[in-house]
Each structure stands twice: as structure tokens, then as C-alpha cells.
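*Asks:* First the structure, which I've put down as C-alpha cells, then a few questions once you've had a look.
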Amino acid sequence: MPTNSQKHSSRPVIDNRVRFTKMTQEKQAPVAVPEETRLELEDTRQQKRSERKQLQISLQKALDEVIAEDSINDGLAMLQNLLEDYKFTVLYDLIEEMKHWDTLTTIPEPKSFLFNAKLQPQLSRMLENSFRYRPYLECFIPRFDAVNEKICPDLNTPLHYAAEALNISFIEWLLAQPSIEVNARNKQRKTALFLLCEQYDACLNNPNFKKRALQVTKSPAKTDDIRECIRLLLYHGADFNMFSDRLKLPFELLMKNRSEDNKQFLKECTGIFQGAIAIGKTNELKQRVVGFYQERAVVIVTVELLELFLRFNEQDRFMAEFEVLNVNIGNVRCVIKLLLHTAVELNQERCVKKIVDHAGRKIFQIVNPLPGKRVRVCEPVNEPKTFELMYRLELKGLLKKACECGNVTTLGLLLGHITDKVLVNDDPILVITLNRAHELWKRDEERAKVLQCASLLAKDQKIFLTRTDNNGNTALHSALKFGFTDIALELLQQKYAFLGVRNKDNLTPLDYARYDFWKKYFDQCVTIDVRRSYFDRNEVRLNLNGFDPYIFKKRMVKKANQKDRSELNLWRIVEKASASNVTNKPEQSFVTEMDPVKIIAKSKDLQRLLVHPVVYTFIQVKWLRLTKWSYINLICTLITVFCFSWHSLDACDDGRSSIVPTVLTWIGAVYMIFREIIQLLFLRFNYLSTFENYLDIATITAMIVVLSNGCNSILSSLTVIAFAMQLTVLLGSLPFNSIATYMHMFKTVSLNFLLSFLLFIPLLASFTYSFYLSYNDQTTNSTAPEDDNPFNTFGTFSDAALKTLVMTTGEFEAAAVDFSGGKMLIFVLHSEPDKAVSDITAIRERSELISISKKVTILERYERGLREMPLAFIRRLYPSSFFENHSYVIVVRPNEMRKILVQSIEDQPADNRRDQRAPKGEWRVVPNIPGGFLVRGSQGLFVNFKFCKFPLFSTLDDHIMDEALRIVDQSIMVKEIQESSRAEIAASGRSLEADVKLEELRLEMEKMSRLLNKMTLQNAQTGNKIEKRKKKLTKGKKGKDVEEKFRKATTVAKAVGKFKKNKKNRNKKDL
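For our numbering, add 295 to where a residue sits in the sequence shown, where the first one is 1.
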């Protein structure tokens, strides 16, 4: 089995890294991985994790038994046999394989085999008693090349353990190893030499040290032993000029004792150590600076000495001495770790720039890029190529330190040199920066600097917005959660800013902001072509980037284990009032394109966004892709209704039915059964959540009963009525918004009427009793004329109840009713419920939102069901996700019947997929009827009936188009004001005046927004008036209205510009 020395030893870096890159590229999975393959891969990995865990437990128990053996000789024999066990080889192969699982997206820290195998505790136990277990250690350490093993949690090496124990013979054995690192540091940055100097200081100056040392070494602590250990380390290259956590240097600890014996020892140490020895001194300003023990000694400039200058904040001295240092391939890693990281951490901007200028070419050296190399499996094909840095492991964490210090200059300098995207995104740096800004909410100045760093990162194209922190929050989550709306808007302009990604609290970015923010964002998504004049509004572009889950939908699906499934399926009557239990939001294993829209539809605050041009157009285009199946379902259901009616009439006419309608009705029943099976496969458990599906099951059952038993007039009539209700639902699914609106309005009003009717039952019962009693009172009605129809006279109690119910609807003959004897008062009181029922029609104002919400729910369930559909041939029949075949920009042309255009993305050949960008196809209209061959291309066709024009392609509604044009006009005027103000600020050239003008610019923009909104509200009309105007106005009048609105907006913009010009002239006169 290869050892860790072979893995971490010095080697030709470039060749091995190129070889490793080729290996990972050969193993790289294709971009489009089927869902079944992902799940199988996850199952295989889970099995290997279990196998690794079992091997680790087995080897840990075996080592514990060896350490617990009383006899060292017997234990040594057991250890030698154990080290030759094949389990170590199997475990090593598993660990090496698992290391490469995430190498494409992360830069893993180099961990040793003992760390990954969790065998460091056993090694630590042997090192703590190195006098007893030295035979074990001399077998164990070479076997796993653990001579420089940093053992958690203090990261002490075996040399640190030996120095603390003063085990001179074991130190000699360790120093004899060829790969020993004498100056290795632990977690507190202490070397073995520093630990010995601490013990030497404590031994000479602290009486309690002897007692503690006696407990550790089992022998009286002797100063001579410590001196001997120090000599051994110095002879093997130990360095006095090394920094630890405290601003104390090792040689300072040796200088505390003033005895002659100690002076002789110091002289001996200076003779062994080559060069000047650094010590801490105090200058005239009472600041600690770096001095030297013997000023006449030659100062050898090393990386460790330069680190001392940085730690003691002697920046000028560092910059002068750094010029002398020769940065080469042998010390460049130390320069990065000890100098560059230290300068960035201490926020020493000048030193960072000096290091980058002097050694930047060596530090940011690029590995020879391979053609077609990609950063990660889920990276888009059209992403620019990245350049892997040779020292990416040493540079890791550098950007994070710059952001935490809030130094935007240093951050910009490093981002300009670091071209490795994997290195830049190894940490969720933007999320960390936003969290850091939130922690500094009491320190405004520091918080502003950190936010500047966050703003710079948000604009950088190398930052991946998909990276999350430990809570699953993306940068967009954190920005909205902490109220950094400006940064959130910048993030939303970048690629892959998906609005439906959920954190561990099952919340999306949409849950962290209110309607005003998202309205502003979607308004920014409505633009025109910037290459044209703003007066040319013939092409409005809608950006759907926020609905594209490209990265997230390709992530591996995490399967719940058996325990998780039982907990998810368990229904508890009494539960804790936690946020997850109260909100009752479903946890989803994958995302779809409709997830953000579904969240908008379910939110009371955000539901108004459904009629925004961007969201509305996206829903419409998605719905039109299913139009073919809506028409097929409607036609087949109509044929089934006709055949069933024919069969029922024929069977009830002469008791027998002919073969033709019977066979056709059976075919219709089979079709409906097949349709419900498909729905069941799509919806799964949600199938029984809608009333329509229960109605479909009842209809199919009734059809089979009628077909089997012959004529049944009542059941056949009820079945036809059920079919009629199905047809209303199917008509509402057609791509005509007015039909869907009226259908849902009728459904909502009917439901509300039934609910309201329940409130009137006590009143109806009392009125029934009143009418029956008053009209059948023999003492007062003995002389009243008798009506031929007893129904009008409330003759019986059942007639009185039925008549009262009919009168509730407003249908009764007043001439045939007797109002004498005070009965008029009862009729007046009975008319009040009728008025309440009439008021229910006010629901029409929300019918459009209701119909759109229903479409969103259906589309989301369809997409989720398509991902989980077990039958592959059914998946191929239905359209795939929209963004898999289309770009995220939709174009609407107002002057061409408001037609909607989408751009397809052509598939690439397999051999060119990595080397070329994905070619974009032509712009095409979206057909609104089956038979897309009639409307191919961007022109489209329409049928001219003289009195109306029927387009064969999808068009945007009038009121949605007007809203989009209003948004465009508003953005144009705001941009004009910004440009004019920037020109004035550039001409002024004074910072104070510039700040004042920027504030005026902000106020004027707010004023313009209020004016535009006020103008829109004044021109708005009620729903009924708008419908009447649509019927009366011609296309020419509509064009004039749009031009008139734009003319008004232009007039307002000119007035604002004139006002600003006059104000500028007045300011010049005042000056």
C-alpha cells in the first residue's frame, strides 16, 4: 500500500497536477445525467461509506487491544501482524476513491490516512507515553509515514510529544528520519523548539514546574536534558526566528536567567545557529519591535524573519527587506502561507501590494490549461474557461480574510490575480461577507467597508451564487434576510439567481422580502433593446433568469433513510409549535421551474405579482406548451359525452341499445380510465386532493354501471350533468384567459353562494313557518278567495318551504300573492337575504388571480410528476422543462399583435459539447392551437375575418402589455435623469457638491416614480368599463392611447430636465 510520504512528498508539481487533471477529466460525468443514474450512484456511495465505517471500527478495536496488552513483547508481535492485515489496504483504497468524489467543486485539505481512518487517537495514546510504547511507535510511524503527523485537536506532531516528554532517545530517532520537519508548528503556532524553551524558562524560574515535570517524565526534571534536546534540534535546523501566538520569541525565554551557566549555554546556542537571532525590543515610542541578540551578527533574510516584521507591524522594514528575498519555487509556498496570508489578515494593504508586485507571477502561476476542461459537472457549457492556479491549496482562504477585514482595495487586487473559479468559490465567500456585515450592525464604519466588499463580490462574474453556508443560505438568502436590498438587486442581475432555492429552514428568497422589493426587481426585468433609441418600443424583452433552476435541478437527490421516512409519514395529533410544524411547507428533494411561481401564488402579499408582465408571460408560455393535450382531452371528452348520451337515449327508448353507441361508449370509458391512471402517476398522493378527480371517478363508475345494467334514467342524467361540469373545467384550461377567468368566477360565486346559504337556513325556516302560518290561519283567511294553484297560497308546509326557497332567488309572481293582513312586512324582511346573495358577485375582481393560481398549481404538479414518472415513454410524450430548450429571455412585440417570441437553444453534438458554446436558435412564436407547423418562425399567421383578427400564435393581453410599456417608460425617464445628473456631477468636480447632487437625484427619481404611478392610477378604470372599451375601440384608437400616454410621460421628463437646468443656472449665479 502506498504511504502518505509518497502522496505528500516533494515531486514535480506541474506534471503531477496535469496528470491528476487528466485523470479527473476522464472520470468526469456528462452534463445530462439521468435521474436513475444519480440515485444508483448515491446508493453505491452509501454502501461504500458503510463498508469504510465497519473497517475503521474493526481496526480501531484491534489497535486498542494492542495498546492494552500488558506485555510489550506480545503486544509488539500483535502490532506487526495487524500492520500486515489486508484491511488497511482496502481501507486506503476506499479513502482515496472517496477523496475524488468532490474534487471538481472543492479544494480538499490534504488529510493523512490516519486522520481519515480515525486512528489518530490510538497514535496519540502511544505518544503520550513514548517511554513505554517506543517499540510500537518505531513500527507504527514508518508504516504510515506519520513522522510529521499533526494530531488533532492541538495539531501536535510526534516531535512535539517527544519534546514535552523530554524523551531524548526518541527525539534522536525522529530526527534521524529523512522526512522530518523540525520547524513544524502546532495549532498555537509553536514549534518543538519553542516548547523546549518554555520548559527551560519554567524549570529555571518556576518552582512548581519540577513537580509537573516529574509527573510527566516519571523522573526528576533536569535542566541538562532540556539543553540537550535544544542542541539536538538546533543541529538539525531548528529556527529561533519563528513566531508563535504570543509576541514572545524562543530566544527571549532562554535569556531570562542571568546566571553564568545560562550565559555559557546562550553562547553555545548562538554558535550552533547560523545568522542573527531575533528578539523583541521596545523602541522610543514604547512599541515592541524586532531586534537581534547580537547586532554584529549577519542578518539572514528568511521568510520566517519577514513574518516577524509583519507580526510586529514593522511594514516599512518588511518592504525594505522583502526586496532582498529571492522568491523561487522552493519557498513560494512559504511566502504565500506566512507572508501573504499574514499581511491580508492584519489588513496591511501596502505589504500585500508589495508582495503581489514583487512575487505575483510566481504566486499566481497558472497550470497549463487543457482544452475543454470544465470546472464542475453542473457548469453550463457556455461558461468561460477557468485557469487553475498551481498553488491553489496555499491560496485557499485568502479572499475570505480580505472580506472579513473589509479591505475592498486588497480584495479587488486579489480577485484580479486569482483566475481559478474553484479557488474563488471554495468558501461561500459572499455569504460569509454578508453574515459578517450583519454581525457589525453596531459598528457602522466597519460595516460599510464590509458591505463594499460584498458589493464588489456581487458584481464579479467569478462568484458562484449557488454556494451556501452551513444553514443552506445562498447569498441572496442572506442579503434579503439582513435587509441589504441593493446587494440583493445586484445579485438578481447575475446568472443562476434562482428564486426557488430553499435553505435548511425550507425558506426561499421570496419569503424574506415583501411585495415592493419584488415588484421593483421584476420591473427591472422588463427592458428594451439598448442598441436602439428608447422611442422605438417595438420589442419588449422579459428576463426570466430568476425562474431558471439550471444548477439546482442537477444536484444529487438525497434519499431519506428508513428512519427519516417513518418520521415523515408519522402523523402526530399533538405536536410542538415550531416554525416547521406550523408553516407546514413541504420539504422537496428537487426543484422545478414553477417553484418560485407557486410560492408567489400561495403568498397573500406576493399574489399580486401574478399579473406582472414577467410572471404572467412565463405562466402563459408554460401553459401553452400543454395546449395540445388540453384540446385532445376536450375533444375526447365531448365525443364520450355524445356517445354516452346516444347510448342512454337509445337504451331508455326501447330497452335495448344498438351496438355502435355501446362500443363507442365503452371506448370512451376506457379512455377516461387511462386518463385517470396517467393523472394518478403524475400527481401521486395529490390525486385525491381535488374535487374534480372525485367527480371523474364517480363519472366513470356511473358509466360502467349504466353500460352493464342498461337504462337508468336518473343515473344517466346525473352522469351527463357530471360530464357538463368536467367540460367547464376543460374549457377553462384552454389558452384563453377570459374563459378561465369567467369559469373560476362562476365556480367561486357558486361555492360562496352555497356557503352563504347555510347562514340563511334559520331565516328560511322561520320565514317558511311564518308564510305557512299566516296563509293557513282559518280565523283571518276564511273570506280570502281560493287560488286554483295551492302553491301560491302556501297550502302545505312542503309547498311553503319550496315557495320560500324560490322566492329567495327573486323569482315569484307578486300578482298571485296575497299581501293583506300585514303579510307585506314578512315579504320585505325576506327580501334582505336576496340582497346579500347579490353582493357575492364582487368576487369578480379577484377571479383573474384565482384562475392564474389554479394554472400555477397544475403546472407545478405536472413538472414534479414528470420528474417522478416511472414510465419513460410517457415522459417522452410530454414537453420537458422550458429552460432546457429555450433561453431565459422572452420578447413581446406590441405593434405585431402583441405576439410572444421565444428563442430555442439547439442541441450540440456529443463531440463538440465541451469545446464549443451552445448555439442559439431562431426566435419563434408560441402556437396557441395544436399544429405548430402553421406558425413556425418569428412572423406567425393570423386569420382575418374582417370584423376580427384571430391569431394562430400566443399574444399578450392588452392590460398586461400596457403595464409592460408603462414600466419601460418609467425606466427610460429614470435613466435620463441619472445620466444628466452624472454629467452635472462630473462637470462640478467637487466631492461635497457631488454628494448633494446625488441626494437631489435620489429625491427626483422618487418624485418621478410617484408622478408616473399617479398618472397610471388616474387613467385606470374599473373592470366593467375596460371590457366595454375593448369592444368599442379599434386598433387605431388603441395605438393613439398608447402614444398619448407616452407623450404625457415625455412631457413630464422634459419638464424635469428644464427644472434642473434652471436650478443649475441659479446655482451658478449664486456662486
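Every residue, glycine too, gets a C-beta built ideally from N, C-alpha and C.
Provide the residue span of the alpha helix (DSSP H) that contains N500, from first to last.
*Replies:* Element bounds for N500: A487 to N500.
*Asks:* Taking all protein chains shown into account, decide if N536 is buried (16 or more other Cβ within 10 angstroms of its Cβ) or exposed.
*Replies:* N536 is buried by the Cβ-count criterion.
*Asks:* Which parts of the stretch 336-414 are runs of the alpha helix (DSSP H), unbroken and 4 residues or longer, counting only runs that do not cross its ends?
*Replies:* As far as the stretch 336-414 is concerned, its whole alpha helix (DSSP H) runs of at least 4 residues are 367-378, 381-394 and 408-411.
*Asks:* Starting from A1167, trace the beta strand (DSSP E) in both directions and tell me its first and last residue.
*Replies:* Here A1167 belongs to no beta strand (DSSP E); instead the alpha helix (DSSP H) covers A1167 to L1172.
*Asks:* Between the C-alpha atoms of I999 and L1026, what's the straight-line distance to the nearest angstrom?
*Replies:* So the two alpha carbons sit approximately 25 Å from each other.
*Asks:* Grab me the residues of G1235's own chain with a C-beta within less than 6 Å of its C-beta, minus the 5 sequence neighbours each way, in chain order.
*Replies:* Result list for G1235: K1194, V1220 and F1248, in chain order.
*Asks:* Rounded to whole angstroms, what is the Cα-Cα separation between R809 and R1261?
*Replies:* Rounded to whole angstroms, R809 to R1261 spans 22 Å at the Cα level.
*Asks:* Does the Cβ of D556 have 16 or more other Cβ atoms within 10 Å, making it buried, or fewer, making it exposed?
*Replies:* The residue in question, D556, is exposed, as its Cβ has fewer than 16 Cβ neighbours within 10 Å.
*Asks:* Could you tell me how far apart the beta carbons of M614 and C564 are, in whole angstroms, since I believe they sit closer than 8 Å?
*Replies:* Rounded, the Cβ-Cβ distance is 30 Å, inconsistent with contact.
*Asks:* For the candidate residues P405, I402 and W468, whose alpha-carbon lies nearest to that of S425?
*Replies:* Here the closest residue by C-alpha is W468.
*Asks:* Is the stretch 690-706 touching the stretch 417-433 in the sense that three or more CB pairs, one from each, lie closer than 8 Å?
*Replies:* No, because fewer than three Cβ pairs between the stretch 417-433 and the stretch 690-706 fall closer than 8 Å, the two stretches do not touch.
*Asks:* Once you ignore the five residues that flank D715 on each side, which residues in its own chain have a CB closer than 7 Å to its CB?
*Replies:* Cβ within range, chain order: T681, F682, E683, L684 and R687.
*Asks:* Taking the straight line between their C-alpha atoms, what separation do you get for H942 and S1176?
*Replies:* Using only the alpha carbons, I get a separation of about 42 Å.
*Asks:* Here's a check: name, in chain order, each residue in its chain whose Cβ is nearer than 6 Å to the Cβ of L377, leaving out the five neighbours to either side.
*Replies:* Within the same chain, L377 has close Cβ partners A357.
*Asks:* Does the separation of the CB atoms of A471 and P453 fall below 9 Å?
*Replies:* Cβ atoms of A471 and P453: not closer than 9 Å.
*Asks:* Along the beta strand (DSSP E) that carries K576, what are the first and last residues, could you check?
*Replies:* Note, K576: beta strand (DSSP E), A573 to T577.
*Asks:* Consult DSSP for V239 and reduce its assignment to one of helix, strand or coil.
*Replies:* Lying outside 296 to 1366, the shown extent of the chain, residue 239 is not represented and no answer is given.
*Asks:* Give the DSSP-derived three-state secondary structure of E590 in the structure shown.
*Replies:* In this structure, E590 counts as coil in the three-state DSSP scheme.
*Asks:* Below 9 Å between beta carbons: does that hold for I895 and K1150?
*Replies:* Taking 9 Å as the Cβ cut-off, I895 and K1150 do not qualify as a contacting pair.
*Asks:* Residue ranges of each beta strand (DSSP E) run of no fewer than 3 residues wholly in the stretch 777-849, ordered along the chain?
*Replies:* Runs found: 821-823 and 835-838.
*Asks:* Determine the DSSP secondary structure at S1199, reduced to helix, strand or coil.
*Replies:* Strand at S1199.
*Asks:* What three-state label does DSSP hand W918 in the structure shown?
*Replies:* Reduced to three states, the DSSP call for W918 is helix.
*Asks:* Is the beta carbon of P545 less than 9 Å from the beta carbon of F489?
*Replies:* Against a cut-off of 9 Å, the Cβ pair of F489 and P545 comes out as a contact.
*Asks:* Confirm, please, whether the CB-CB distance from L837 to T912 is below 9 Å.
*Replies:* In this structure, L837 lies closer than 9 Å to T912 by Cβ.
*Asks:* Hey, L548 and C629: beta-carbon distance below 9 Å or not?
*Replies:* No, the pair does not count as a contact, with Cβ atoms beyond the cut-off.
*Asks:* Residues in its own chain within less than 8 Å of A732 by CB, not counting five upstream and five downstream?
*Replies:* The residues are R742, V745, L746, A749, F777 and F779.
*Asks:* Kindly indicate which residue of L432, Y495 and L634 has the alpha-carbon position closest to the one of E459.
*Replies:* Checking every option, the nearest Cα to that of E459 belongs to Y495.
*Asks:* Rounded to the nearest angstrom, how far is the Cβ of T486 from that of A533, given a contact under 8 Å?
*Replies:* With 8 Å as the limit, T486 and A533 qualify as a contact, their Cβ atoms being about 7 Å apart.
*Asks:* May I ask which residues mark the beginning and end of the beta strand (DSSP E) holding N1239?
*Replies:* Here the beta strand (DSSP E) through N1239 covers F1237 to N1239.
*Asks:* According to the Cβ coordinates, are L1144 and Q902 closer than 9 Å?
*Replies:* Contact: yes.
*Asks:* For N720 and R656, which I take to be in contact (beta-carbon distance under 8 Å), what is that distance rounded to the nearest angstrom?
*Replies:* Actually they are not in contact, since the Cβ atoms of N720 and R656 sit about 24 Å apart, beyond 8 Å.
*Asks:* According to DSSP, N451 sits in a beta bridge with which residue or residues?
*Replies:* According to DSSP, N451 bridges with I446.
*Asks:* Measuring alpha carbon to alpha carbon, tell me which of Y816, S474, C498 and K445 ends up nearest K482.
*Replies:* Selected option, being the one with the closest Cα: K445.
*Asks:* Can you name, in chain order, every residue of its own chain whose Cβ lies under 6 Å from the Cβ of V596, other than the five neighbours on each side?
*Replies:* E616, V619 and L620.
*Asks:* Counting pairs of beta carbons, one from the stretch 981-988 and one from the stretch 944-960, are three or more of them closer than 8 Å?
*Replies:* Contact between the stretch 981-988 and the stretch 944-960 is absent, because fewer than three Cβ pairs lie under 8 Å.
*Asks:* By Cβ distance, which residues of its chain are closer than 6 Å to V361, with the 5 residues on each side in sequence left out?
*Replies:* Excluding residues within five positions, the ones whose Cβ falls inside 6 Å are G370, M373 and L374.
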